[in-house]
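Please read the structure below before turning to the comments.
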Amino acid sequence: IYSSPYLEVFNERIEFNGEYIPDSYLDKYADQVSKIAREMCDEGLLSPTEFDVVTAIGFMYFAEKKADYVLLEVGLG
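Numbering (our numbering), first residue to last: 1150 to 1226.
What follows is the structure in structure tokens.
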């Protein structure tokens, strides 16, 4: 499950099999996304928003966990 905003802890935004994403995964993926975001800015592209970054982290986590399906709540108004 990917949802926004979180209610109690940030990790609850990304959930797999009833468990929130662990901090270790958040750190790993945030480092990877941060590197790509810097490269984008260096190339003159727009910097990703916080929503973009967290969504990318969610997709990376679900891909690594080999999720069969994902419930994605985007709340874009």
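C-beta atoms are modelled at their ideal positions from N, C-alpha and C, and glycine is treated no differently.
Everything numeric in this text was worked out from a predicted model, so none of it was measured.
Neighbour flag for residue i against chain B, beta carbons, 8 Å
i, result
"residue 1185", "Among the chains of the structure shown, chain B does not appear; only one protein chain is present."
Expected contact under 8 Å - CB spacing of residue i and residue j to nearest Å
i, j, result
"residue 1216", "residue 1159", "The Cβ separation is near 20 Å, so there is no contact."
"residue 1151", "residue 1213", "Going by Cβ atoms, the distance from residue 1151 to residue 1213 rounds to 14 Å, so no, they are not a contact pair."
Spatially closest choice to residue i from the options, by CA coordinates
i, options, result
"residue 1199", "1218, 1193 and 1179", "1179"
"residue 1170", "1206, 1220 and 1218", "1206"
"residue 1228", "1172, 1201 and 1173", "In the structure as shown, the chain starts at 1150 and stops at 1226, and residue 1228 therefore has no counterpart that could be examined."
"residue 1175", "1208, 1218, 1157 and 1219", "1208"
"residue 1177", "1219, 1220 and 1203", "1203"
Same chain only: Cβ atoms within 8 Å of residue i, ignoring 5 sequence neighbours per side
i, result
"residue 1189", "1195, 1196 and 1197"
Residue i, buried or exposed, once every other Cβ within 10 Å from all chains shown has been counted against 16
i, result
"residue 1185", "exposed"
"residue 1210", "buried"
"residue 1167", "exposed"
"residue 1193", "exposed"
"residue 1162", "buried"
Same chain, Cβ closer than 7 Å to residue i, neighbours up to 5 away in sequence not counted
i, result
"residue 1154", "none"
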